[in-house]
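A short worksheet on the structure shown next.
Number of protein chains: 2
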Amino acid sequence: MKEKKQNILIIGAGLCGSLLALRLGQRGFNVTVYEKRPDLRKVNINAGRSINLAFSNRGIKAMKLVGLENKVKQLCIPMNGRMIHDEKGNTFLSPYSGRDYEYINSISRGDLNALLLTEAEKHENVTIHFNKKCESVDFEKTTALFKDYQTNTQFIEDADAIIGTDGAGSALRKSYYLGKKFLFSFSQDYLTHGYKELIILPEGKNNFKIFKNALHIWPRGNFMLIALPNLDGSFTVTLFLSYNEGEFNFSNLNTDEKVLEFFKKEFPDALAHMPNLLEDFNNNPTSPLGTVKCSPWFYKGNTLLMGDAAHAIVPFYGQGMNASFEDVVEFDKVLDENLENWEATFKAYESSRKKNTDAIADLAIDNFYEMRDHVANPIFQEKRKLEMDLEKAFPNEYASKYSLVTFNEDLGYHDAMLKGRAQDKAILNMLAEGKINSKDDLKSILKIITKETQEILEEDKVAKLK
Amino acid sequence: MKEKKQNILIIGAGLCGSLLALRLGQRGFNVTVYEKRPDLRKVNINAGRSINLAFSNRGIKAMKLVGLENKVKQLCIPMNGRMIHDEKGNTFLSPYSGRDYEYINSISRGDLNALLLTEAEKHENVTIHFNKKCESVDFEKTTALFKDYQTNTQFIEDADAIIGTDGAGSALRKSYYLGKKFLFSFSQDYLTHGYKELIILPEGKNNFKIFKNALHIWPRGNFMLIALPNLDGSFTVTLFLSYNEGEFNFSNLNTDEKVLEFFKKEFPDALAHMPNLLEDFNNNPTSPLGTVKCSPWFYKGNTLLMGDAAHAIVPFYGQGMNASFEDVVEFDKVLDENLENWEATFKAYESSRKKNTDAIADLAIDNFYEMRDHVANPIFQEKRKLEMDLEKAFPNEYASKYSLVTFNEDLGYHDAMLKGRAQDKAILNMLAEGKINSKDDLKSILKIITKETQEILEEDKVAKLK
Chain C
1 MKEKKQNILI IGAGLCGSLL ALRLGQRGFN VTVYEKRPDL RKVNINAGRS
51 INLAFSNRGI KAMKLVGLEN KVKQLCIPMN GRMIHDEKGN TFLSPYSGRD
101 YEYINSISRG DLNALLLTEA EKHENVTIHF NKKCESVDFE KTTALFKDYQ
151 TNTQFIEDAD AIIGTDGAGS ALRKSYYLGK KFLFSFSQDY LTHGYKELII
201 LPEGKNNFKI FKNALHIWPR GNFMLIALPN LDGSFTVTLF LSYNEGEFNF
251 SNLNTDEKVL EFFKKEFPDA LAHMPNLLED FNNNPTSPLG TVKCSPWFYK
301 GNTLLMGDAA HAIVPFYGQG MNASFEDVVE FDKVLDENLE NWEATFKAYE
351 SSRKKNTDAI ADLAIDNFYE MRDHVANPIF QEKRKLEMDL EKAFPNEYAS
401 KYSLVTFNED LGYHDAMLKG RAQDKAILNM LAEGKINSKD DLKSILKIIT
451 KETQEILEED KVAKLK
Chain X
1 MKEKKQNILI IGAGLCGSLL ALRLGQRGFN VTVYEKRPDL RKVNINAGRS
51 INLAFSNRGI KAMKLVGLEN KVKQLCIPMN GRMIHDEKGN TFLSPYSGRD
101 YEYINSISRG DLNALLLTEA EKHENVTIHF NKKCESVDFE KTTALFKDYQ
151 TNTQFIEDAD AIIGTDGAGS ALRKSYYLGK KFLFSFSQDY LTHGYKELII
201 LPEGKNNFKI FKNALHIWPR GNFMLIALPN LDGSFTVTLF LSYNEGEFNF
251 SNLNTDEKVL EFFKKEFPDA LAHMPNLLED FNNNPTSPLG TVKCSPWFYK
301 GNTLLMGDAA HAIVPFYGQG MNASFEDVVE FDKVLDENLE NWEATFKAYE
351 SSRKKNTDAI ADLAIDNFYE MRDHVANPIF QEKRKLEMDL EKAFPNEYAS
401 KYSLVTFNED LGYHDAMLKG RAQDKAILNM LAEGKINSKD DLKSILKIIT
451 KETQEILEED KVAKLK
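From first to last, the protein sequence lines stand for chains C and X. The numbering of the first sequence is full-length UniProt numbering, which starts it at 1 and goes up by one. The numbering of the second sequence is full-length UniProt numbering, which starts it at 1 and goes up by one.
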């Protein structure tokens, strides 16, 4: 720790790994990164991965840390709200915040990853190797076994510490689980729904066929379609649908006729922009939606899990990448504390961080139901309308759950969840009981919501005898 | 299904497996059971397993189903409440219910298992093999691979359906997980605490050194000791303690002096009855406390998980065995529906059952904190006292969470949890705010609790937009 010239081995050069390599490089560590895929700056390897992502304050905070805020801004398309498409093709925009300066961004995963790799490699103490897959980690010896895809040979690397940023299918996490050397709590939870990526191509060159600055949603109760804009004028469209349940599902959408019937019935306005639907539907994989939690993230001072490897979440809060980037910010903060060794550092990092990544995992599941279903519910819509009014009228006093999670990067996810859930409960119940009416004076509404939220939090505490 | 002469292979002849074998035998199926341990009626194999268990209404309901209620009763020692031992050696009894006829029982795991095995084997269509360990299950072919510990050879068995009742470390569940043939949600969660079994020997022959008809607890905030009576006058004592945290923990209790110092300071009255403490402490293993959840429990109509194999829980609600026995009762109910095939049967069983086993898993974690910590909290004690008064005064109208879970065997765990938690929250908050006072008229207290509980349930529903 005192000794900056320590050798750090990072497994995985995805978004989290490449940012971590950059930051540790900036801090003066000797960093070696091994990535199983080819260098995405040289080969197109997008197939099967979501090609754009929602990027917001927590991610931007990380970019500020490494001095890349301006470069990243050029890759971003602001999305000011959800554009809701109903069954009849009507649309309305539901803003993400009542404050104009709060919005999320659509960004290309590949472009962002490429930028981070290039910036990391500018440091002579950072080396990145591609086409080298981690097979397993000997966490007692602090060594990792790799397979070189180019030479088809295996080799072992050691380091002072190994950090696994190797994603939801992490080899390091698998070694923890299979090693049975310590009590390893672990969960993988799949939704009954999967997803498939489709595309709305640009109108001519760089012209957006639907409104550019929104995250489009076609909520249909038990399934939904969403679309995020890309810089080239296209939209990446994602269908979230049950594998086996309901009238339409991935199992029974097994002919072109059925796929067309489904889109004609449920998403006619989207279908009008997707002449390429059948080709995409047949060629693109159907992928599962899973949440991974585990603990401990570290083994002694030898190894540590970060990013999706430690906490993979479903995409419905648009926080997957943001949470992983925030990991690096939080880890960096712990490094500033200059603890006595890696074990103390890893322990301090997990103990402050885990409650927050657990919270965003749960919030992301909540939002699955919210986006799919609740956004079409009148009382939910009334709540959102009221919250927008409150955010506009009291920009410094009121923040919705969505704002707390998305735009309040200095508040941890856990606290954002507790306060946001209590606030939602207060508003929904008071609306349902007629205790507040959106026509009432906003100042008095704010007061009563604040009071009721506080009471809910207090009652929950008493119930847990805390 | 129509065809009763189907061959059912059961993996594991523990409590759940032997009860299931008995019930399926009674229903006319051809049942073959393979158990990895020796026959416990012939060999003493208690070491390392908890040797007595809490047995209550849900378990008794299962015994009624198979006609063993009376035989089992002879193995039971009623425990009417928790006998709380404070630091100074003072004791007070906190009854489990305000209704005299509601109590739990201490029962020997071995005696109960032996009875079930013997009863199952009375059916000529039931065969039980011992010393045969399941290594893996090919759930696509409906075959299981066994190792015979006596001949040290392997063999494969097939069946029309295979049911894994092979406990928390289930080989069938492991095959689901490692097979990666379908999306398998799975979690294993360990508490930071482990446990160690100790013993209070009888005073002379069959004389109980401490009060016989109670579950004794020495709650100490971050750790606790409990003791359950055995028919021979002894008590099985269990220490629940953190592995690594706190002043005293399993890692630092590494000399006889430290163990004695710990018991002298924290459990002097128990220590007085345990001259054999050091020997037991050194000889007996320290075991982890884990919760396992998973889904799906079945693969097509081929295989099914039941009991701890599907849902291992921590022991703090005394419901582990009761929940596994209730599995058999619920499975039996689904068999009565005569669905078209095993797949439909397994599916119907899991879809009605899983929410309840998830609930008891969560309730058992709640009770860890309650037993260890809250039972010594004044407001919690006031609640318990009030609830006992309500149960006495209104035996048909009021039931505490504990009663709902333990004594209301016709109410599912899930509903018991929702109602019980809301009720606890209502009472604790009203006591904290002085809205009810245990000196008030009981009838009016009941009314206000009922109303507040209903409101909490309603508000939770609205918050979830249900």
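Backbone N, C-alpha and C define an ideal beta-carbon position, used for all residues, glycine too.
Interface partners of residue i on chain C, CB under 7 Å
| i | result |
| --- | --- |
| H414 (chain X) | Going along chain C, no residue has its Cβ under 7 Å from H414 (chain X), so there is no contact; the nearest lies around 18 Å. |
C-alpha distance - residue i paired with residue j, whole-angstrom precision
| i | j | result |
| --- | --- | --- |
| R58 (chain C) | A120 (chain C) | 20 Å |
| Y190 (chain X) | L183 (chain C) | 7 Å |
| G246 (chain X) | L305 (chain X) | 38 Å |
| N275 (chain X) | L40 (chain X) | A quick correction: the sequence has Pro, not Asn, at residue 275 (chain X). Approximately 29 Å, taken between the alpha carbons. |
| L457 (chain X) | A463 (chain X) | 10 Å |
| D166 (chain C) | G169 (chain X) | 28 Å |
| K435 (chain X) | I449 (chain X) | 10 Å |
| E343 (chain C) | F298 (chain C) | 8 Å |
| residue 490 (chain C) | P229 (chain X) | Nothing can be reported for residue 490 (chain C): it is not among the residues displayed for chain C, which extend from 1 to 466. |
| Q74 (chain X) | K419 (chain X) | 34 Å |
| F325 (chain X) | T142 (chain C) | 46 Å |
| E452 (chain C) | A426 (chain C) | 6 Å |
| K293 (chain C) | A348 (chain C) | 18 Å |
| R372 (chain X) | L363 (chain X) | 14 Å |
| E153 (chain X) | I128 (chain X) | Residue 153 (chain X) is actually Thr in this sequence, not Glu. Each residue's alpha carbon lies about 18 Å from the other. |
| A310 (chain C) | R173 (chain C) | 8 Å |
| I445 (chain C) | I199 (chain C) | 43 Å |
Chain-ordered neighbours of residue i on chain X, where CB pairs are closer than 8 Å
| i | result |
| --- | --- |
| P288 (chain C) | L183 |
| A432 (chain C) | V462 |
| D362 (chain C) | Neighbours of D362 (chain C) on chain X: none; closest Cβ ~13 Å, over 8 Å. |
| F380 (chain C) | L465 |
Residue-chain proximity (residue i, chain C), Cβ-Cβ < 8 Å
| i | result |
| --- | --- |
| N396 (chain X) | no |
| M176 (chain X) | With the sequence shown as reference, residue 176 (chain X) is identified as Tyr, and Met is not the correct amino acid for it. Not one chain C Cβ lies under 8 Å of Y176 (chain X). |
| Y190 (chain X) | yes |
| G48 (chain X) | Note that G48 (chain X) has pLDDT 43, beneath the 50 cutoff, so the model's placement of it is unreliable and the number below is only indicative. No, no contact with chain C. |
| S187 (chain X) | yes |
| V462 (chain X) | yes |
| N429 (chain X) | yes |
| T236 (chain X) | no |
Under 9 Å from the C-beta of residue i: neighbouring residues of chain X
| i | result |
| --- | --- |
| H374 (chain C) | L465 |
Counted within 10 angstroms of its Cβ, other Cβ atoms place residue i as buried (16 or more) or exposed
| i | result |
| --- | --- |
| T238 (chain C) | buried |
| V43 (chain C) | exposed |
| F240 (chain C) | buried |
| D327 (chain C) | buried |
| G221 (chain X) | exposed |
| D424 (chain C) | buried |
| E279 (chain X) | exposed |
| L178 (chain X) | exposed |
| D308 (chain X) | buried |
| F92 (chain C) | exposed |
| N207 (chain C) | exposed |
Contact set between residue i and chain C, taken where Cβ atoms lie within less than 8 Å
| i | result |
| --- | --- |
| N377 (chain X) | L465 |
| E459 (chain X) | K425 and N429 |
| F139 (chain X) | Correct list: empty, because the minimum Cβ distance to chain C is about 18 Å. |
CB contact check: residue i to chain X, cutoff 8 Å
| i | result |
| --- | --- |
| T240 (chain C) | As written in the sequence, residue 240 (chain C) is Phe, which differs from the Thr given in the question. For F240 (chain C), the answer is no, since every Cβ of chain X falls outside 8 Å of its Cβ. |
| I448 (chain C) | no |
Min CB distance residue i to chain B below 8 Å
| i | result |
| --- | --- |
| D424 (chain X) | The displayed structure is made up of protein chains C and X, and chain B is not among them. |
Distance between beta carbons of residue j and residue i, contact taken as under 8 Å
| i | j | result |
| --- | --- | --- |
| I10 (chain X) | N213 (chain X) | Contact flag wrong, Cβ pair sits at about 35 Å. |
The ligand PLP heavy atom lying under 7 Å from the CB of residue i
| i | result |
| --- | --- |
| R99 (chain X) | Absence of the ligand PLP is noted for the structure shown, with no ligands found whatsoever. |
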